[in-house]
Every structure is written in C-alpha cells, then in structure tokens.
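Peer 1:
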Amino acid sequence: MQTVGAQWLLVHEPNASTLVALVQTASTVPVVLLAAGGATIRLWPLIDTHAVDRSRVVFWPDPQLVLEPDPNGGPVVVTTVYTIAPANEQPFVQAMAKVRLSRLRTGATQWELFRDGETAHRFVEIFVVPSWDEHLRQHRERLTGADEQYEAAAEVFSVPPSQTTHLISVDAPRSP
Numbered sequence: 181m182q183t184v185g186a187q188w189l190l191v192h193e194p195n196a197s198t199l200v201a202l203v204q205t206a207s208t209v210p211v212v213l214l215a216a217g218g219a220t221i222r223l224w225p226l227i228d229t230h231a232v233d234r235s236r237v238v239f240w241p242d243p244q245l246v247l248e249p250d251p252n253g254g255p256v257v258v259t260t261v262y263t264i265a266p267a268n269e270q271p272f273v274q275a276m277a278k279v280r281l282s283r284l285r286t287g288a289t290q291w292e293l294f295r296d297g298e299t300a301h302r303f304v305e306i307f308v309v310p311s312w313d314e315h316l317r318q319h320r321e322r323l324t325g326a327d328e329q330y331e332a333a334a335e336v337f338s339v340p341p342s343q344t345t346h347l348i349s350v351d352a353p354r355s356p
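Quick note on numbering: the working numbering labels position 109 of the sequence shown as 289, and the sequence is numbered without any gaps.
(1) Arginine 234 by DSSP, collapsed to three states: which one?
(2) Looking at C-alpha atoms only, which residue of Tyr330, Val304, Glu298 is the closest neighbour of tryptophan 291?
(3) Kindly indicate which three-state DSSP category methionine 181 falls into: helix, strand or coil?
(4) How many Å lie between arginine 283 and glycine 217 at the Cα?
(5) Among Ala326, Ala288, Val273, Thr289, which one has its Cα closest to the Cα of arginine 295?
(6) Should serine 355 go down as buried or exposed, given a rule of 16 or more other Cβ atoms within 10 Å for buried?
(7) Got a sec? Which residues, its chain only, sit under 7 Å from tryptophan 240 by beta carbon, not counting five neighbours each side?
(8) Thinking C-alpha only, which one of His315, Gln343, Arg280 is nearest aspartate 250?
(9) Less than 8 Å separating the beta-carbons of glycine 325 and aspartate 242?
(10) Apart from the five residues just before and just after histidine 346, which ones in its own chain have a Cβ nearer than 7 Å to its Cβ?
(11) Within its chain, find whatever has a CB closer than 6 Å to the CB of threonine 260; leave out the 5 residues flanking it on each side and keep chain order.
(12) Hey, serine 349 and glycine 287: beta-carbon distance below 8 Å or not?
(13) From tryptophan 188 to leucine 213, what does the alpha carbon distance come to, in whole angstroms?
(14) The beta strand (DSSP E) with tryptophan 291 in it runs from where to where?
(15) Check whether the Cβ atoms of threonine 122 and arginine 236 sit closer than 8 Å, and answer yes or no.
(16) Indicate the three-state DSSP secondary structure (helix, strand or coil) for valine 273 in the structure shown.
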C-alpha cells in the first residue's frame, strides 16, 4: 500500500507545485496591485475639492432650434466660437482647460479647442455628445456651480460674447 501512495505522490507532485504556485500568485497579485495603486498617490495626488461648488445649476439657455431632433439621434456636435484679443490668448487657453474637464464630466465624449485658420483671433470649441437627449441633460441636469465659474472665467476674454451652435447628425446614405 505504501508503494501505491508513493507512486500517487510522484504522479501528482508536478500538479501540486503548480497548485501551490497558483495559490501564491493569486494571493500576491491583488496585494501588488493594491500597493501599486497606493503608490500612485505620490505621483498623482488627489485634488482637494472641498471648496468646489457642486450644487446643481441651470445656466445654459435651452437651444433654440428650427427643427425637432430625435432625442436618441446623434451624435450631436456643439460648437462655440470665441473672439479673443491677442494679449488674452494664453489666459483664455488656460481657462479652457477647466471647461474641457467640465464638458467631459457632463457627458461629452470628445472635446477640442481650435484656432480659426482664416481669423487668427477666433477660437472654436467643439465637443461631441452621443445623443440629443444626452445634450439636453447637460443643459438641465448635470451642470454645477463650478462649471458655471469655469465657463465664466473663459467667457470674460471673448469680445463679443461667444456664439454656440448645435450640429445634429444626419443619417445620409453612404456610397460603397
């Protein structure tokens, strides 16, 4: 009987070491990932947001469209044109960095700031929202006091005031 037991151990010994290795790995990986996550706090510290106004506000006017978009239709491209004096370009671009975060936080899937190639002092902000309904939620439900402050900080540089347009996706046939 002892010879059978010894043979059984020899047959399963490679599997036993594999099992031990799997158990060690399974318990080590979460610990390593947890430690790595904690270490990133030094590289990317959390932002102090206690003074940020998170109260919900409605400060965007409802869009005045000449057509009634499908609520689920999209994507929707929102463009805002700013006219910025050369002396204010750098502070405007810096202010728009916070506007970018606001747009992405409230539902935009893409955001870019462009300079108009034909009119150097004109900047065009473009952001994309998946649907018309999502964009209306930005207007009515998702903006905070902080978002209003970020937009006001950028808008102060635009003379005349910025102009916003809404581009609604059209289901056009595509040729092969």
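Cβ atoms here follow ideal geometry from the backbone N, Cα and C, with glycine treated the same way.
Peer 2: If we stick to the structure as given:
(1) Counted from its first residue, the sequence shown places residue 234 at position 54. It is coil, neither helix nor strand.
(2) The sequence position of residue 291 within the sequence shown is 111, counting from 1. The option with the nearest alpha carbon to tryptophan 291 is Val304.
(3) Stepping through the sequence shown from its first residue, residue 181 is reached at position 1. Here the model assigns methionine 181 a pLDDT of 49, short of 50, so the residue's position is not dependable and the matter cannot be decided.
(4) In the sequence shown, the residue the question calls residue 283 occupies position 103. In the sequence shown, the residue the question calls residue 217 occupies position 37. Arginine 283 and glycine 217: Cα-Cα distance of roughly 27 Å.
(5) Numbered from 1 along the sequence shown, position 115 holds the residue referred to as residue 295. When only C-alpha atoms are compared, the closest one is Val273.
(6) The residue you call residue 355 lines up with position 175 of the sequence shown. So serine 355 ends up on the exposed side.
(7) As a position in the sequence shown, residue 240 is number 60, starting the count at 1. For tryptophan 240, where only same-chain residues beyond five positions count, the Cβ hits under 7 Å are His319, Leu323.
(8) Counting from one through the sequence shown, the residue named residue 250 turns up at place 70. Cα-wise, what sits closest to aspartate 250 is His315.
(9) Taking the sequence shown and counting its residues from 1, the one referred to as residue 325 is at position 145. Taking the sequence shown and counting its residues from 1, the one referred to as residue 242 is at position 62. Result no, Cβ atoms of glycine 325 and aspartate 242 do not sit closer than 8 Å.
(10) Against the sequence shown, residue 346 aligns to sequence position 166. Cβ within range, chain order: Pro243, Leu245, Val256, Val258.
(11) In the sequence shown, residue 260 corresponds to position 80, counting from 1. Same-chain partners within the cutoff: Glu305, Ser342, Thr344.
(12) Position 169 of the sequence shown, counted from the start, is the residue given in the question as residue 349. Position 107 of the sequence shown, counted from the start, is the residue given in the question as residue 287. It is not a contact, given that the beta carbons lie outside the stated cut-off.
(13) Position 8 of the sequence shown holds residue 188. Position 33 of the sequence shown holds residue 213. Low local confidence applies: a pLDDT of 48 at tryptophan 188 is under 50, so the model's placement there is unreliable, with the coordinate-based value given in what follows. Near 37 Å, if we compare the C-alpha coordinates of leucine 213 and tryptophan 188.
(14) For the purposes of this step, residue 291 is taken as residue 111 along the sequence shown, with counting starting at 1. Residues 290-295.
(15) Not covered by the structure: residue 122. The range shown for the chain is 181 to 356.
(16) On the sequence shown, residue 273 is found 93 positions in, with the first residue counted as 1. Residue state, collapsed to three classes: helix.
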